[in-house]
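So in our numbering, the last one in the sequence shown is 136, and the numbering has no gaps at all. Where is the CB? At the ideal position from N, CA and C, for every residue including glycine. Computed from a prediction, not measured in an experiment: that's the story for all the values here.
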Amino acid sequence: MRMFVDPSAVYLYPKTVDFRMQFNGLALIVEQQFDVPLMSGALFIFTNRTRKRLRILYWDNTDLAMWSKRLEKDVFKWPSSTQTSMSLSEQQLNSLLGGFDIHGHQPLFYASAGL
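(1) Where does residue 44 land, buried or exposed, given buried means 16+ other C-beta within 10 angstroms?
(2) In angstroms, rounded to a whole number, what distance separates the CA positions of residue 140 and residue 88?
(3) Enumerate in chain order the residues of its own chain whose CB-to-CB distance from residue 65 is below 6 Å, with the five nearest sequence positions on each side excluded.
(4) Note down, one range per segment and in chain order, each alpha helix (DSSP H) of at least 4 residues found wholly within the region 28-67.
(5) Under the three-state reduction of DSSP, which class applies to residue 22: helix, strand or coil?
(6) Going by CA-CA distance only, name the one from 93, 113 and 98 that's closest to residue 37.
(7) Mind checking who residue 90 pairs with in its DSSP beta bridge?
(8) Would you mind stating whether residue 67 and residue 85 have Cβ atoms separated by less than 8 Å?
(9) Quick one: is residue 30 buried, meaning 16 or more other Cβ sit within 10 Å of its Cβ, or exposed?
(10) Shortest alpha-carbon distance to residue 218 belongs to which of 82, 112 and 117?
(11) Are the CB atoms of residue 106 and residue 34 within a distance shorter than 8 Å?
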């Protein structure tokens, strides 16, 4: 299911956000913390303190739009980062929305076959 029309880029805000903030509060974060114009066509992703909810803010060529998702029994696998923002690929966005870690699984390495 595609929710957005070919976003130019996807950016994740690694810090948690108070979700009492609505459009204006999240737009202010984008303007102050991201090095990308709000009306660029990019998606900007935020999470709350418990990481059970996320919001995606974007410009849909007419005005700001916001999309929300809530997980009932798990939390979003949010990266811990000291960066102000990070860029995601479409595959990482789909992983995040599906509740998976955006960095994928860690490869397994064995010292011996154990036979």
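Taking the definition as stated:
(1) exposed
(2) Beyond the ends of the chain as shown, which are 22 and 136, falls residue 140; an answer cannot be given.
(3) 32, 51 and 78
(4) 44-54
(5) Its pLDDT being 38, under 50, residue 22 is placed unreliably in this model, and the value from its coordinates should be taken loosely. Residue state, collapsed to three classes: coil.
(6) 98
(7) 75
(8) no
(9) exposed
(10) Because the chain spans 22 through 136 in this model, residue 218 falls outside it and cannot be assessed.
(11) Yes; because the gap between Cβ atoms is below 8 Å, this pair is in contact.
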